[in-house]
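S.K.:
Residue numbers (the UniProt record's numbering): 1 to 354.
1. Are the CB atoms of residue 205 and residue 297 nearer to each other than 8 Å?
2. Rounded to whole angstroms, what's the CA-CA distance from residue 242 to residue 288? Just pull it up for me.
3. Tell me the rounded alpha-carbon separation between residue 15 and residue 108.
4. Where does residue 109 fall in DSSP's three states?
5. Using the C-alpha atoms, what's the distance from residue 227 back to residue 266?
6. To the nearest whole angstrom, what separates the beta carbons of residue 176 and residue 144, a pair I think is in contact under 8 Å?
7. With which residues is residue 193 paired in a DSSP beta bridge?
8. In the DSSP assignment, find the alpha helix (DSSP H) that holds residue 80 and state where it starts and stops.
9. For the alpha helix (DSSP H) that contains residue 268, what are its first and last residues?
10. In this structure, how does DSSP classify residue 143 when only helix, strand and coil are distinguished?
11. Restricting to Cα atoms, I'd like to know which of 179, 34, 202, 223 is closest to residue 85.
12. What does a CB cutoff of less than 7 Å around residue 126 pick up in its chain, not counting 5 residues either side in sequence?
13. Quick test of the definition: if touching needs 3 or more C-beta pairs under 8 Å, does the stretch 238 to 256 touch the stretch 62 to 82?
14. Could you tell me whether any non-hydrogen atom of the ligand FAD is closer than 7 Å to the CB of residue 256?
15. Quick one: grab the DSSP three-state call for residue 14.
16. Just verifying my parser: in three-state terms, what is the DSSP assignment at residue 383?
17. Could you say which of 163, 172, 64, 207 lies nearest to residue 196 if we only look at CA atoms?
18. Smallest Cα separation from residue 280: which of 292, 207, 307?
19. Taking the alpha carbon of residue 42 as the point to measure from, which residue in 8, 83, 24, 53 has its own alpha carbon closest?
20. Alpha carbons only, please: which of 291, 64, 31 is nearest the one belonging to residue 99?
See the structure below:
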């Protein structure tokens, strides 16, 4: 199968322009339709024309990072949110003003419970919690820069050591991008937004990692669209497996978007293994069979995560060469940001013109 072309500034800006045009248009259409139709099949049928748009959008990009985020934001989250809205549940609601609705539909943001956009308040709103997102942005950018410098000197590390750095890289990249989006959205909306990560690199439990620490927007949607409906009929354990099954299938789709290769099932196996392991951990804890010291639990969970991610998650991407291209794109982006920063600071005499 043909590989992706190398991204250029012109090609990616063109794709971003189309995305910035089509996503708000689809969100506006969905909001208009749901204000006229009751939840159920008629509303779902009205939303259906938007789904092919969200599925096709990642194909506009050649950059793996932009393909990844477009797949996550639109093919995964936006479609899921609209399906839930068609059923009358989920984070979207037709009563939301147009701008908050469009932002919440097209971006991985969720307005904090108990708060409303500034347009809905009679009094002047407090300033957005900038520190909630500005500090994570700065921290993640700093550590990503350190990783970019460190990668050429990691040849002496064992494979699992390098893959542990990859895990940190993924977390920092996601945290930087999602925090940046939340910072801009909170400023526009004048409302507090929920964080997408807590402390996923310092957990001592699989249940804690997948349920309360990692990618909380995706967790909320999986809970509403897979876990709760299945649990209501077949019980808690079946609900957990259904959520991990859906996540595995979505990651198989992500693999195709990033590599243009037929998925081999490793992503699905990875998530089903973690679903079964999460259930086993909860059973063992309830029976009093799993109560190790916190440090030992952290080491065991970290080792389990790194080994399974290395063998089942990173393996397919590395065989396709996606890891090398992602690291090259990260380095190029950091160089671009550094060059732009120098140009902006040069008139103030902060950097030399040489």
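For every residue, glycine included, the Cβ atom is placed at its ideal position computed from N, Cα and C. Keep in mind the model is a prediction, meaning the values are calculated, not measured.
M.R.: On the basis of the supplied data:
1. The Cβ atoms of residue 205 and residue 297 sit closer than 8 Å to each other.
2. CA-to-CA, the gap between residue 242 and residue 288 works out to about 26 Å.
3. Straight-line Cα distance between these residues: approximately 19 Å.
4. Reduced to three states, the DSSP call for residue 109 is coil.
5. Spanning the two alpha carbons is a distance of roughly 22 Å.
6. Yes, residue 176 and residue 144 are in contact; Cβ-Cβ is about 7 Å, under 8 Å.
7. For residue 193, which the question treats as bridged, DSSP gives the partners 111.
8. Counted as a single uninterrupted DSSP element, the alpha helix (DSSP H) harbouring residue 80 occupies residues 79 to 86.
9. For residue 268, the uninterrupted alpha helix (DSSP H) segment begins and ends at 266 to 286.
10. Per DSSP, reduced to three states, the secondary structure at residue 143 is helical.
11. Ranking 179, 34, 202, 223 by Cα distance to residue 85 puts 34 first.
12. Only weak support is given to the placement of residue 126: the predicted model assigns it a pLDDT of 48, under 50, and the question is left unresolved by the model.
13. Yes, the stretch 238 to 256 is in contact with the stretch 62 to 82.
14. For the ligand FAD, the structure offers nothing, since it holds no ligand at all.
15. Here residue 14 carries a helix assignment [DSSP, helix/strand/coil].
16. Given that the chain is displayed from residue 1 to residue 354, the structure contains no residue 383 and the question cannot be resolved.
17. The shortest C-alpha to C-alpha distance from residue 196 to any of 163, 172, 64, 207 is the one to 172.
18. Of the candidates 292, 207, 307, the one whose C-alpha sits nearest the C-alpha of residue 280 is 207.
19. Between residue 42 and the set 8, 83, 24, 53, the nearest pair of CA atoms involves 83.
20. Checking every option, the nearest Cα to that of residue 99 belongs to 31.
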